[in-house]
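S.K.: Below is a structure I'd like to ask you about.
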Amino acid sequence: MNSHSPQFFMSEALRLAEKALFTTSPNPRVGCVIVKNNVILGRGYHIKSGGPHAEVMALEEAANQAEGSDVYVTLEPCNHFGKTPPCVDALIQAKVKKVFIAMQDPNPLVSGKGIQALKDAHIETEVGVMEAQAQLLNAGFISRMSKKLPFVRAKLAVSLDGKTALNNGKSQWITGDEARQDVQHWRASSCAIITGIGTVMHDNPKLSVRLYENARQPLRVVVDSDLKIALDANILREKPLLIVYANDKHKRLAQLKSLGIECIQLNNNDKVDLAALLKTLAVREINDVWIEAGEGLNGAFLKANLIDELIIYYAPVILGSEAKGMFMMPVYENLENKITTTVIDHRWIGQDLRMRFKIK
Numbered sequence: 012m013n014s015h016s017p018q019f020f021m022s023e024a025l026r027l028a029e030k031a032l033f034t035t036s037p038n039p040r041v042g043c044v045i046v047k048n049n050v051i052l053g054r055g056y057h058i059k060s061g062g063p064h065a066e067v068m069a070l071e072e073a074a075n076q077a078e079g080s081d082v083y084v085t086l087e088p089c090n091h092f093g094k095t096p097p098c099v100d101a102l103i104q105a106k107v108k109k110v111f112i113a114m115q116d117p118n119p120l121v122s123g124k125g126i127q128a129l130k131d132a133h134i135e136t137e138v139g140v141m142e143a144q145a146q147l148l149n150a151g152f153i154s155r156m157s158k159k160l161p162f163v164r165a166k167l168a169v170s171l172d173g174k175t176a177l178n179n180g181k182s183q184w185i186t187g188d189e190a191r192q193d194v195q196h197w198r199a200s201s202c203a204i205i206t207g208i209g210t211v212m213h214d215n216p217k218l219s220v221r222l223y224e225n226a227r228q229p230l231r232v233v234v235d236s237d238l239k240i241a242l243d244a245n246i247l248r249e250k251p252l253l254i255v256y257a258n259d260k261h262k263r264l265a266q267l268k269s270l271g272i273e274c275i276q277l278n279n280n281d282k283v284d285l286a287a288l289l290k291t292l293a294v295r296e297i298n299d300v301w302i303e304a305g306e307g308l309n310g311a312f313l314k315a316n317l318i319d320e321l322i323i324y325y326a327p328v329i330l331g332s333e334a335k336g337m338f339m340m341p342v343y344e345n346l347e348n349k350i351t352t353t354v355i356d357h358r359w360i361g362q363d364l365r366m367r368f369k370i371k
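Residue 12 is where the sequence shown starts when you use our numbering, and the numbers rise one by one after that.
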C-alpha cells in the first residue's frame with residue numbers, strides 16, 4: 012500500500028476506530044485522520060456515546076493547521092444535533108479541502124445529508140475508500156439501522172466430529188485457553204450475549220467479560236421458555252440481565268422480580284419468540300448479539316434464519332457419536348433444503364481452528 016494513498020490514510024482511520032471496539036455502543040465505531048502534504052496533523056476516534064466525535068477530536072489536534080487539509084473518516088460525518096453538535100459544521104468551519112469517506116451512514120437521520128452539506132459548502136468528497144472494511148467494523152450498527160435487527164453471531168466450540176458437549180451436557184472445556192480468551196474479545200465487542208436455559212443448567216456460566224478490570228458488561232439474555240431457572244444460578248448474580256420466557260410454569264416470575272431481575276414474556280406456541288426477542292433488543296439499541304448456547308437454541312435460531320454469522324472453534328478432540336451436536340434441526344429429506352454458508356475467515360487460535368461463516 013502506497014504510504015501516500017487514500018487507502019493508507021483510511022487504514023489509519025480504521026485502526027483508530029477499532030480502539031473503541033468495546034466502548035462506543037450504541038453508537039458506531041468511527042476514526043478520523045487529518046492530512047496535509049502527506050503528513051498526519053490530527054487523529055481522533057469516537058470513544059463512547061455522548062463523547063466527542065472522531066472528526067472533532069482530530070480537528071482539535073490539528074488546530075489551526077486544518078485549513079486546506081484532507082480528512083479521512085470511516086463513516087459519513089453527521090449533520091444533525093444529537094448528544095453533540097454536527098461534525099459537518101466543524102469541518103466546514105475548519106475550511107478543509109476534501110473529505111474521504113469510507114461509507115455512507117445507514118442512519119436515516121444522516122444518510123447522504125452529511126455528504127450533501129459538505130458539497131454545498133464546496134468541499135470535495137470521495138465516498139467508498141475501504142468501504143468493505145468500514146462496513147465490517149460496524150456490521151451491528153448497519154443491521155440495526157437498515158433491518159431494525161441486531162447483527163447476530165453464534166459461537167460454537169466443537170470437537171473434530173462436530174460435537175459441542177457430552178451426552179450428559181458437560182462441555183467445560185472442549186477448546187483451549189487461547190480460544191476461550193478469544194471468546195472474551197468477542198463478548199466484549201458485543202452489546203448482548205444470549206444463552207439458553209439448558210446451558211445455564213448444565214454449565215452454570217456467568218457469561219461475563221473478564222478482559223480487564225471494570226470491563227463494560229454486555230446485557231446477558233437468558234431464553235427460558237418455562238421460566239425454570241434456579242434462583243442460585245451464577246448468571247443471576249450480575250447485571251445487566253434479561254430473562255425472556257413464554258410461560259411461568261414453575262411460578263418463578265414473582266421471585267425473580269423480587270430479586271430485581273427484569274423478565275419479559277414473548278410467547279409463540281409456548282416457546283420464546285426469537286424474532287420478537289431480536290426486535291426488542293434492536294429497540295433497546297443493541298447492535299451486536301453474541302449467542303453462546305446449546306444445540307437446541309442454536310438450532311432454533313438457525314431454523315428461523317436469525318443468525319448472520321457462525322464462529323466455530325474446532326478443537327483437536329473427538330467426543331463420539333452419542334455426544335451432543337451443534338444444531339437441533341429437522342430431518343432433511345432433500346439437499347435443496349440445506350443451509351448454505353460462505354467461509355469468511357479462518358485462523359489458528361492456539362491449537363484450535365477458528366472458522367467464521369456467513370449465512371447466505
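All C-beta atoms, glycine included, are put in the ideal place defined by N, C-alpha and C.
Should TYR256 go down as buried or exposed, given a rule of 16 or more other Cβ atoms within 10 Å for buried?
M.R.: Result: buried.
S.K.: For ILE275, which three-state DSSP category applies?
M.R.: Note: ILE275 maps to strand in three-state DSSP.
S.K.: Give the range of the alpha helix (DSSP H) segment to which VAL110 is assigned.
M.R.: Counting along the chain, VAL110 falls outside any alpha helix (DSSP H), though it belongs to the beta strand (DSSP E) covering 109–112.
S.K.: Going by the beta-carbon positions, is the gap between LEU317 and PHE368 smaller than 8 Å?
M.R.: It is not a contact, given that the beta carbons lie outside the stated cut-off.
S.K.: Can you find the residues in the same chain that come closer than 6 Å, C-beta to C-beta, to PRO96, ignoring five residues on each side of it along the sequence?
M.R.: No residues qualify anywhere along the chain.
S.K.: Given that a residue counts as buried once 16 or more other Cβ atoms are within 10 Å of its Cβ, and exposed if not, what is LEU218?
M.R.: So LEU218 counts as buried.
S.K.: Count the C-beta pairs between the stretch 266–281 and the stretch 329–340 that are closer than 8 Å, then say yes if the count reaches three, no if not.
M.R.: These segments do not touch.
S.K.: Is VAL138 helix, strand or coil by DSSP?
M.R.: If DSSP states are grouped into helix, strand and coil, VAL138 belongs with the strands.
S.K.: Could you pull out every residue in the same chain whose Cβ sits closer than 6 Å to the Cβ of GLY187, ignoring the five residues on either side in sequence?
M.R.: Within the same chain, GLY187 has close Cβ partners GLY361, GLN362 and ASP363.
S.K.: Under DSSP, the alpha helix (DSSP H) around VAL294 begins and ends at which residues?
M.R.: From DSSP, the alpha helix (DSSP H) with VAL294 extends over 285–294.
S.K.: DSSP three-state call for MET339: helix, strand or coil?
M.R.: Here MET339 sits in coil by DSSP.
S.K.: Smallest Cα separation from GLN195: which of PHE338, TYR223 and ARG155?
M.R.: Closest by alpha carbon: TYR223.
S.K.: Would you kindly check if the distance between the Cβ of ALA28 and the Cβ of GLY53 is under 8 Å?
M.R.: Not closer than 8 Å, so no.
S.K.: Specify the secondary structure class of TRP197 as computed by DSSP and reduced to three states.
M.R.: In the structure shown, TRP197 sits in a helix (DSSP, three-state: H, G or I).
S.K.: Tell me the DSSP bridge mates of THR353?
M.R.: According to DSSP, which records beta bridges pairwise, THR353 is partnered with LYS369.
S.K.: Are there 16 or more other CB atoms within 10 angstroms of the CB of LEU285, so buried, or fewer, so exposed?
M.R.: Answer is buried; the Cβ neighbour count reaches 16.
S.K.: By DSSP's criteria, GLU320 is part of a beta bridge. Which residues make up the other side?
M.R.: Answer is ARG164 and LYS369, bridged to GLU320.
S.K.: Helix or strand or just coil, what does DSSP make of CYS43?
M.R.: Three-state result, CYS43: strand.
S.K.: Less than 8 Å between the C-beta atoms of PRO17 and PHE111, yes or no?
M.R.: Result yes, Cβ atoms of PRO17 and PHE111 sit closer than 8 Å.
S.K.: Between the stretch 171–186 and the stretch 131–145, are three or more C-beta pairs nearer than 8 Å?
M.R.: No, the stretch 171–186 is not in contact with the stretch 131–145.
S.K.: Determine the burial state of ARG295: buried for a count of at least 16 other Cβ atoms within 10 Å of its Cβ, exposed for fewer.
M.R.: Flag for ARG295 reads exposed.
S.K.: What's the gap between the Cα of LYS239 and the Cα of LYS268?
M.R.: Each residue's Cα considered, the two are about 14 Å apart.
S.K.: Using 10 angstroms around the beta-carbon of TRP359, count the other beta-carbons present and answer buried if the total reaches 16, otherwise exposed.
M.R.: Burial call: exposed.
S.K.: So, with DSSP's three-state summary, where would you put LEU364?
M.R.: LEU364: strand per DSSP, three-state reduction.
S.K.: Taking 8 Å as the cut-off, decide whether the C-beta atoms of VAL82 and VAL50 are in contact.
M.R.: No, Cβ-Cβ distance for VAL82 and VAL50 is not below 8 Å.
S.K.: Find out if the Cβ-Cβ distance for the pair THR175, MET337 is shorter than 8 Å.
M.R.: Yes, these two residues count as a Cβ contact at 8 Å.
S.K.: Buried or exposed: LEU102, going by 16 or more other Cβ atoms within 10 Å of its Cβ?
M.R.: Counting Cβ neighbours within 10 Å, LEU102 comes out buried, since at least 16 surround it.
S.K.: Among the residues of its own chain, which have a CB less than 6 Å from the CB of GLU273, if the five just before and after it don't count?
M.R.: Within the same chain, GLU273 has close Cβ partners LEU253.
S.K.: Going by CA-CA distance only, name the one from SER22, VAL233 and LEU120 that's closest to GLU249.
M.R.: That would be VAL233, whose Cα lies nearest to the Cα of GLU249.
S.K.: Taking Cβ positions only, does ALA73 come closer than 8 Å to chain C?
M.R.: Absent from the structure is chain C; it holds one protein chain and no more.
S.K.: Restricting to Cα atoms, I'd like to know which of LYS47, ARG263 and LYS314 is closest to ASP237.
M.R.: If we check each option's Cα against that of ASP237, ARG263 comes out closest.
S.K.: Please list the segments of the beta strand (DSSP E) lying wholly inside the stretch 238–278, counting only runs of 3 or more residues, in order along the chain.
M.R.: Within the stretch 238–278, the complete beta strand (DSSP E) runs of at least 3 residues are 252–256 and 273–276.
S.K.: Nearest-angstrom Cα distance between ALA168 and ASP319?
M.R.: Rounded to whole angstroms, ALA168 to ASP319 spans 18 Å at the Cα level.
S.K.: Which residue comes first and which comes last in the alpha helix (DSSP H) that contains GLY207?
M.R.: From DSSP, GLY207 is part of no alpha helix (DSSP H) but of the beta strand (DSSP E) over 203–207.
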